[in-house]
Structure formats: C-alpha cells, structure tokens
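Peer 1:
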Amino acid sequence: MTFQLSAEHEAIREAVREFGENEMKPVAEEHDQEGKYPEELRKKAAEYDFVAPNIPLEYDGAGMDKISSTIVTEELWRADPGIGSAVGSAGFGTDMIVEFGDEWMKEEWLPQIANGETASCSMISEPAHGSNVAGIETVAEKDGDEYVLNGNKMWITNGTVADVGVCMAKTSPGEGHKGITAFLVEMDRDGVSTDKISNKLGIRASDLAEVVIDDVRIPEKNVIGEVDKGFYQLMEFFASGRTSVAAQAVGAAQGALDAAIEYANQREQFDQKISEFQAIQHKIAEMATKVEAARSLTYRAATQVEQNNQDVAAQYSSMAKYFASEISVEVADEGIQVHGGSGYVTDYPAERYYRDARITKIYEGTSEIQKNIIADQIL
1 MTFQLSAEHE AIREAVREFG ENEMKPVAEE HDQEGKYPEE LRKKAAEYDF
51 VAPNIPLEYD GAGMDKISST IVTEELWRAD PGIGSAVGSA GFGTDMIVEF
101 GDEWMKEEWL PQIANGETAS CSMISEPAHG SNVAGIETVA EKDGDEYVLN
151 GNKMWITNGT VADVGVCMAK TSPGEGHKGI TAFLVEMDRD GVSTDKISNK
201 LGIRASDLAE VVIDDVRIPE KNVIGEVDKG FYQLMEFFAS GRTSVAAQAV
251 GAAQGALDAA IEYANQREQF DQKISEFQAI QHKIAEMATK VEAARSLTYR
301 AATQVEQNNQ DVAAQYSSMA KYFASEISVE VADEGIQVHG GSGYVTDYPA
351 ERYYRDARIT KIYEGTSEIQ KNIIADQIL
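To convert, note that position 7 of the sequence shown is 7 in full-length UniProt numbering; the numbers rise steadily by one, no gaps.
(1) Whether or not the stretch 364 to 375 and the stretch 156 to 175 are in contact is what I'm after, with contact meaning three or more pairs of Cβ atoms, one per stretch, closer than 8 Å; do they touch?
(2) Do you know offhand how far Ala90's Cα is from Trp77's?
(3) Does DSSP put Gly159 in a helix, in a strand, or in coil?
(4) Using the Cβ count rule (16 or more neighbours within 10 Å means buried), how would you classify Leu41?
(5) Does the Cβ-Cβ distance between Lys321 and Val245 come in under 7 Å?
(6) Checking 7 Å against the spacing of the C-beta atoms, do Pro38 and Ile83 come in under that value?
(7) In this structure, what does DSSP give as the bridge partners for Ala119?
(8) Inspect the beta-carbon positions of Ile336 and Lys290 and report whether they are closer than 7 Å.
(9) In terms of residues, what are the limits of the alpha helix (DSSP H) holding Val245?
(10) Tell me which residue opens and which closes the alpha helix (DSSP H) that Ile213 is part of.
(11) Where do the N-terminal and C-terminal ends of the alpha helix (DSSP H) with Glu8 fall, by residue?
(12) Reducing DSSP to helix, strand and coil, say where Glu276 ends up.
(13) What residue range is occupied by the uninterrupted beta strand (DSSP E) comprising Ala182?
(14) Quickly, what does DSSP pair Asn150 with across the bridge? List them, please.
(15) At 4 residues or longer, what runs of the alpha helix (DSSP H) sit wholly inside the stretch 327 to 373?
(16) So for Ile203, helix, strand or coil by DSSP?
(17) Please say whether Arg242 and Val216 have beta carbons closer to each other than 7 Å?
(18) Under the DSSP definition of a beta bridge, which residues are partnered with Lys196?
(19) Glu175 by DSSP, collapsed to three states: which one?
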C-alpha cells in the first residue's frame with residue numbers, strides 16, 4: 001500500500017512538534033514528578049486546535065480527518081506522554097456525542113471542550129470489567145421522565161477534571177451487550193463523586209479517577225442515541241480509539257529514540273562518543289526501524305478508519321495497537337540501555353518514556369485482547 005502524507009498533514013506535524021518542544025518539554029519533568037494536571041497547557045493547546053481535533057467546525061472544532069488527529073496524538077506523546085495524554089484525552093467521549101448526540105448536547109458541550117474550557121470523560125470501565133464491556137454492572141432504571149443511575153466506574157481518564165462525561169449503563173440488565181445505553185452525565189450532578197488515582201507508574205500528568213454513581217438522576221433527554229443500543233454505538237469507535245493508542249505508542253517510542261540519539265551523541269567513553277561504537281549504532285538502527293514500522297502500520301489503520309472500511313479498520317487498528325504498543329515498550333527499554341546508569345534516574349527523560357509507554361499495552365484493550373481480535377478477523 002502506497003501512503004503519502006499531504007502538505008497539510010506535514011504542516012500539522014510541524015505545528016504540534018513546535019508546541020511540544022516549546023511548551024511541553026520544558027515542564028514535563030515537573031508535571032510528572034508532581035502528578036500535576038496541565039490545565040493551562042490544555043487551554044493553550046486548544047488555541048492551536050490540538051484538543052479534540054475531531055470536533056466539527058460548526059462546533060468550534062478543527063474538523064480534522066483521522067490521519068491528522070493521529071499525527072497530533074503522535075507528536076503530543078513524542079514531546080511528553082504524560083502531558084500528551086492529558087491534552088489528547090480532553091475530548092474523550094466527544095465522538096459519541098458528535099455521531100449520536102442530540103443537537104443541544106453538541107451546541108452546549110462541544111465548543112467548550114474544543115476551546116479548552118473544560119474536559120470530558122468516557123465512563124466505561126469498572127473495577128471488575130475492563131476489556132469486557134458487555135459485563136458492566138452500572139444500571140440505569142427508568143423513573144418517569146428520568147433515569148436513575150447506580151454503579152462504580154474505574155480508571156476513568158479526566159474523572160476529577162471533566163465537567164461532562166459519557167456513561168455506559170445497563171438499561172436492560174441480563175441482556176448482556178444488547179442492554180447497554182449511553183448517557184450524557186454532567187459531573188456536578190448530585191450523587192456523582194470522584195476519587196483521584198495518584199499511585200500510577202506513568203502518564204502521571206494525566207488525571208485518572210474512580211467515579212461513584214449513587215442514585216444519580218438523569219433526564220431522559222440525556223440518552224445518547226438509542227436506548228439499549230449503546231454497545232453497538234460504542235463499537236463504531238473501537239477502531240478509531242485503538243488507532244489513537246497506536247499513535248500514542250509511536251509517539252512515546254519516537255521520543256525515547258530521540259532521547260537515546262541525543263545522549264549517544266553527547267556521552268563519551270574510552271575517548272570517543274558512544275554513538276561511534278557499533279553496539280550502540282546497532283541498537284539505534286533497530287530502534288529506528290521498529291518505530292518506522294509501527295508508524296507505517298498506524299497510518300495504514302488511520303487511513304482505513306478515515307475511509308470507514310469497518311472490517312478492515314477493525315483488523316488493522318488492532319494490529320497497529322498491538323504492534324505499536326509492544327514496540328514502544330521495547331524501544332523505551334533499549335533507550336534506557338543506551339543511557340546506561342543515567343537512564344535509571346530522573347535526570348534524563350529515558351526512564352519517563354519507559355514508564356509512560358507501558359500503559360499502551362493495557363488500555364483500550366490489552367495486547368492479549370488485540371491478538372484475539374486479529375485472529376478472529378483472519379480466521
């Protein structure tokens with residue numbers, strides 16, 4: 001398959017890279033060490049259309065295609081995965097609102113998210129149900145012209161900073177995936193409480209929380225799409241979401257490679273730069289090749305998503321997510337090896353890329369789940 005980025009795509013890459021170099025990298029260590037959410041950087045990124053670039057122009061968004069938004073994600077994570085995650089996830093759930101939400105939802109919330117005024121969240125995972133979306137236990141019972149929601153959501157990105165979220169709940173318990181509905185939930189409603197999860201290995205600048213939903217009353221108009229069709233609606237975005245995680249992994253891998261190259265060209269041993277040793281040269285060559293292979297597969301997946309080739313997109317997005325996340329961890333590990341002892345301390349970014357890359361093998365479906373999907377598609 002021949003693939004060529006357009007001049008517009010390259011211009012987007014250049015703009016995001018400049019933002020990353022000038023705004024993100026100088027404060028990356030601070031946000032990582034303090035676990036500090038970069039609200040001001042999110043607002044600044046929104047000025048350049050880097051927040052929720054999928055939001056259509058009519059709702060103050062950038063209306064970017066999937067390849068463009070993939071580039072944005074990759075470059076944000078290349079600069080710093082922690083801040084990149086916080087900025088890049090600020091529009092979680094907006095795809096569902098754009099595609100299936102009523103007009104009032106779009107007019108009220110999409111401009112606020114695109115402009116960086118607030119963040120959104122997507123409340124799917126639960127303590128006992130991560131990859132198994134069909135098994136969620138949060139329920140929504142009809143009461144007049146309202147629904148009463150009860151449940152416990154876990155690992156929710158932006159849980160404590162979002163003003164609005166998309167929540168998946170069972171409206172027909174016992175029906176498995178056939179009984180799930182998507183709801184728009186304002187996070188300041190009575191009964192919604194959040195607890196920040198702080199003891200994370202990586203992407204510490206990103207907000208992560210447990211969300212407890214206790215007798216939360218939601219107007220019937222807050223149903224997104226159709227009742228009992230939430231799982232099917234969600235399925236339409238799995239390929240896009242997995243491609244985005246693949247882009248995150250590529251960005252982290254490239255950042256780790258950049259750091260290794262810079263260090264190898266500076267560090268001297270035995271009266272020469274370590275970049276002159278063949279052992280280091282081979283490591284860099286292998287790392288660079290793996291990153292480029294992951295990038296190519298990720299862009300191919302993004303192309304299939306953009307063209308709405310659903311079956312093909314499902315396969316390639318899982319391939320990209322699986323391969324890129326595995327490669328990201330491998331490259332970040334080798335990056336530490338190139339740094340030697342310096343890679344084991346926070347004086348250099350190598351250890352941060354290693355910690356941050358690891359999450360890409362877990363969320364949006366683990367590597368094991370991706371292999372199941374790939375095998376199902378092929379067989």
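Glycine included, C-beta positions come from ideal geometry on N, C-alpha and C.
For clarity, every value in this text was computed on a predicted model and none was experimentally measured.
Peer 2: This is what the structure holds:
(1) Note that the stretch 156 to 175 does not touch the stretch 364 to 375; fewer than 3 beta-carbon pairs, one per stretch, sit closer than 8 Å.
(2) As a working note, residue 90 is residue 90 in the sequence shown. As a working note, residue 77 is residue 77 in the sequence shown. Taking the CA atoms as reference points, Ala90 sits about 14 Å from Trp77.
(3) Numbered from 1 along the sequence shown, position 159 holds the residue referred to as residue 159. Three-state result, Gly159: coil.
(4) Position 41 of the sequence shown, counted from the first residue, corresponds to residue 41. It is buried - the Cβ of Leu41 has at least 16 other Cβ atoms within 10 Å.
(5) On the sequence shown, position 321 is the one that residue 321 refers to. On the sequence shown, position 245 is the one that residue 245 refers to. Contact flag set, yes.
(6) Against the sequence shown, residue 38 aligns to sequence position 38. Against the sequence shown, residue 83 aligns to sequence position 83. For Pro38 and Ile83, yes; Cβs fall inside 7 Å.
(7) The sequence position of residue 119 within the sequence shown is 119, counting from 1. Note: Ala119 is bridge-paired with Ala162 in the DSSP secondary-structure output.
(8) Residue mapping note: residue 336 aligns to position 336 of the sequence shown, counting from 1. Residue mapping note: residue 290 aligns to position 290 of the sequence shown, counting from 1. By the CB criterion at 7 Å, Ile336 and Lys290 fall outside the cutoff.
(9) In the sequence shown, the residue the question calls residue 245 occupies position 245. Segment Gly230 to Ala264, the alpha helix (DSSP H) holding Val245.
(10) Looking up residue 213 in the sequence shown gives position 213. Counting along the chain, Ile213 sits inside no alpha helix (DSSP H); it lies in the beta strand (DSSP E) bounded by residues Leu208 to Pro219.
(11) The residue you call residue 8 lines up with position 8 of the sequence shown. Run containing Glu8: Ala7 to Phe19, per the alpha helix (DSSP H) assignment.
(12) Position 276 of the sequence shown, counted from the first residue, corresponds to residue 276. Helix at Glu276.
(13) On the sequence shown, residue 182 is found 182 positions in, with the first residue counted as 1. Annotation: the continuous beta strand (DSSP E) that includes Ala182 extends over Ile180 to Glu186.
(14) For the purposes of this step, residue 150 is taken as the residue at position 150 of the sequence shown. The partner list for Asn150 (beta bridge, DSSP) reads Val139.
(15) If we require 4 residues or more, the alpha helix (DSSP H) runs fully inside the stretch 327 to 373 come out as 350 to 357.
(16) Position 203 of the sequence shown, counted from the start, is the residue given in the question as residue 203. Three-state DSSP puts Ile203 in coil, outside helix and strand.
(17) Position 216 of the sequence shown holds residue 216. Position 242 of the sequence shown holds residue 242. By the CB criterion at 7 Å, Val216 and Arg242 fall outside the cutoff.
(18) Position 196 of the sequence shown, counting from 1, holds the residue named residue 196. Partner residues in the beta bridge of Lys196, as assigned by DSSP, are Ala209.
(19) Residue 175 sits at position 175 when you count from the first residue of the sequence shown. The answer is coil: DSSP assigns Glu175 none of H, G, I, E or B.
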